[in-house]
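Have a look at the structure below, then the notes.
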Amino acid sequence: MTTYKMMDEVVHYCTKCKLDLNHRIILVDDGVAKRVLCLTCRTDRIFRDRSRVAKSQGEKRPRRSLTAKGVAKKSDPEVEWRERLNETHTPPKAYSMDVILSLNDLVHHKLFGKGLVVGLIAPDKAQVFFPEGAKVLKCGPCPTPKK
Ligand SMILES: [Zn+2]
Numbered sequence: 010m011t012t013y014k015m016m017d018e019v020v021h022y023c024t025k026c027k028l029d030l031n032h033r034i035i036l037v038d039d040g041v042a043k044r045v046l047c048l049t050c051r052t053d054r055i056f057r058d059r060s061r062v063a064k065s066q067g068e069k070r071p072r073r074s075l076t077a078k079g080v081a082k083k084s085d086p087e088v089e090w091r092e093r094l095n096e097t098h099t100p101p102k103a104y105s106m107d108v109i110l111s112l113n114d115l116v117h118h119k120l121f122g123k124g125l126v127v128g129l130i131a132p133d134k135a136q137v138f139f140p141e142g143a144k145v146l147k148c149g150p151c152p153t154p155k156k
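Structure (structure tokens):
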């Protein structure tokens, strides 16, 4: 392990000059450099031992393959609903205030056109996806979800 002495010169990143430059160690604690002074612009900053920082981060943060998978899987539900709306060819139920709907049912609304039931909100509302967007509509009593 490197031990540092006061007034030693080290190459350190200067946040002011935005360059790796020679710095002079101006504060040492137990052989560890704490502060360095840029010899170019004469500003001082906290000394960071890059090799040590990189190593400890590697130990603390193992790579997570799940993270990458989660990001890749991210998709807009509306895209999926739109696809399903276009692919499903069962005749839609005519929408009315008391129609009994279940998930993935197709409905036909006088104003909004053909829609896909994407969610049920007990006791009597349904979230329906129409080509122009999802809407919450009043409907008949929702079937209670079986568990
Ligand atoms: Zn500098």
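First residue of the sequence shown? That's 10 in this note's numbering, and the numbers climb one at a time after it.
Note that beta-carbon positions come from the ideal geometry of N, C-alpha and C, so glycine has one too.
Worksheet item: Arg54 bridges to which residues according to DSSP?
Response: Stepping through the sequence shown from its first residue, residue 54 is reached at position 45. Answer by DSSP bridge pairing, in chain order: Val45.
Worksheet item: Given a threshold of 16 other Cβ atoms within 10 Å of its Cβ, counted over all protein chains shown, does Cys47 qualify as buried or as exposed?
Response: Taking the sequence shown and counting its residues from 1, the one referred to as residue 47 is at position 38. Buried: at least 16 other Cβ atoms inside 10 Å.
Worksheet entry | Reduced DSSP secondary structure (H/G/I, E/B, other) of Leu146 | Counting from one through the sequence shown, the residue named residue 146 turns up at place 137. In the structure shown, the three-state DSSP call for Leu146 is strand.
Worksheet item: Can you round the beta-carbon distance between Val116 and Val137 to whole angstroms, since I take them to be within the 8 Å contact cut?
Response: As a working note, residue 116 is residue 107 in the sequence shown. As a working note, residue 137 is residue 128 in the sequence shown. Right, the Cβ-Cβ distance comes to about 6 Å (below 8 Å), so this counts as a contact.
Practice prompt. Compare the Cα-Cα distances from Ala135 to each of Ser111, Arg51 and His118 and report the closest residue.
Written response: Mapped onto the sequence shown, residue 135 falls at position 126. Among Ser111, Arg51 and His118, the Cα nearest to that of Ala135 belongs to Ser111.
Worksheet item: In chain order, what are the residues with a CB under 6 Å from some non-hydrogen atom of ligand 1?
Response: Going by the Cβ distance cut-off, the answer is Cys23, Lys25, Cys26, Leu30, Cys47, Thr49, Cys50 and Thr52.
Worksheet item: To which residues does DSSP link Ala131 through a beta bridge?
Response: As a working note, residue 131 is residue 122 in the sequence shown. Beta-bridge pairing links Ala131 to no other residue.
Discussion item. So, at 6 Å on beta carbons, what are the nonlocal neighbours of Val145 in its own chain, with the 5 sequence-adjacent residues on each side left out?
Written reply: The count along the sequence shown starts at 1 and reaches residue 145 at position 136. These residues qualify, in order along the chain: Lys134 and Gln136.
Worksheet entry | CA nearest to the CA of Arg33, picked from Val127, Leu120, Asp39 and Lys43 | Translated into positions along the sequence shown, residue 33 becomes position 24. When the alpha-carbon of Arg33 is set against those of Val127, Leu120, Asp39 and Lys43, the nearest one is in Lys43.
Practice prompt. Quick one: using the 10 Å Cβ neighbour count with 16 as the cut-off for buried, is Gly124 buried or exposed?
Written response: Locating residue 124 in the sequence shown gives position 115, counting from the first residue. Result: buried.
Worksheet item: Whose C-alpha, out of Leu129, Pro132 and Phe139, is nearest the C-alpha of Pro101?
Response: Along the sequence shown, read from residue 1 onward, the residue named residue 101 stands at position 92. When Leu129, Pro132 and Phe139 are compared, the shortest CA-CA separation from Pro101 is found for Phe139.
Worksheet item: Can you tell which of Lys119, Cys23, Val41 and Pro132 has the C-alpha that lies nearest to the C-alpha of Asp17?
Response: For this step, residue 17 is matched to residue 8 along the sequence shown. It is Val41 whose Cα lies nearest to the Cα of Asp17.
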